[in-house]
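Going by our numbering, the first residue of the sequence shown is number 9, and it counts up by one from there. Ideal Cβ positions, reconstructed from N, Cα and C, are used throughout, including at glycine. As the structure is a prediction and not an experimental result, all values here were calculated from the model. Heads up: the structure comes next, in structure tokens.
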Amino acid sequence: MQTRIKFCGLTRQQDVQQAVALGVDALGFVFVKASAREIDIDTAVNLINEIPPFIIKVGLFMNAQITDMENVIKHVKLNLLQFHGDEDEAFCKQFNMPYIKAVPMASTSSVEDFCEHYSTATGFILDSHAQGQMGGSGEKFSWSVMPKNLNKPIILAGGLTVDNVAEAIRVVRPYAVDVSSGIETSKGIKDPAKMKQFIKEVHRD
């Protein structure tokens, strides 16, 4: 099965257009005030208007207020929610939208136990951050600790670059890979050459 690709932390129209032209499967938009990649609702609406059907639009949240999330969901045409904070399952599922939950690999002793608490998640994103922290740091974790028995799709994130993503896929065999800092010149500013090369490396096999 071909590995899916998500580019995350997009902030500029030209980067969205480039990602679409390259054929990515999903694009992530950050609605977290502590993030250098945060965008407001108006910016998100304008960016998402550039995205054709069949590309998944993902909204990333971390410990957001319910009213703030409802406001984003009301105005921005998202297909999938991504939670990176201390949200429990009840919080995640109350919006009646598909969601994925980030597993903080830096502070999780058992991925399987963590994921059992989110039976309604459509998948899990395994990232290198610790509990309560954002992804997008460029740090990676040991791929040898990947769970073997999850019955949900695994999205691999954390420190992926054009130099290591092919090896990561060979070792982990994830459903998808998620990259942010690995295709940037600076936070929120994507590099067209890195974007193109990243996709080439994912599809190398």
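- By the C-beta criterion, the stretch 168-184 is judged to be in contact with the stretch 9-19, since at least 3 inter-stretch pairs fall below 8 Å.
- If you draw a straight line from the Cα of Ala114 to the Cα of Gly166, it comes to about 10 Å.
- Per DSSP, Asp135 is one residue of the beta strand (DSSP E) stretching across 131-135.
- Around the beta carbon of Asp23, 16 or more other beta carbons sit within 10 angstroms, so the residue counts as buried.
- Annotated three-state conformation of Thr75 is helix, per DSSP.
- Apart from the 5 residues on each side of it in sequence, Asp96 sits with its Cβ closer than 8 Å to the Cβ of His125 in its chain, given in chain order.
- Here Val111 is not near Cys100, since their CB atoms are 8 Å or more apart.
- The C-beta distance from Met70 to Val119 rounds to 19 Å, too long to meet the 8 Å contact threshold.
- The beta carbon of Glu192 is closer than 7 Å to those of Lys198, Asp199 in its chain, skipping five residues each way along the sequence.
- Under the rule that a run must span 3 or more residues, the beta strand (DSSP E) segments found entirely inside the stretch 51-99 read 64-69, 88-91.
- In this structure, Ile59 lies away from Gln90, with their beta-carbon atoms at least 8 Å apart.
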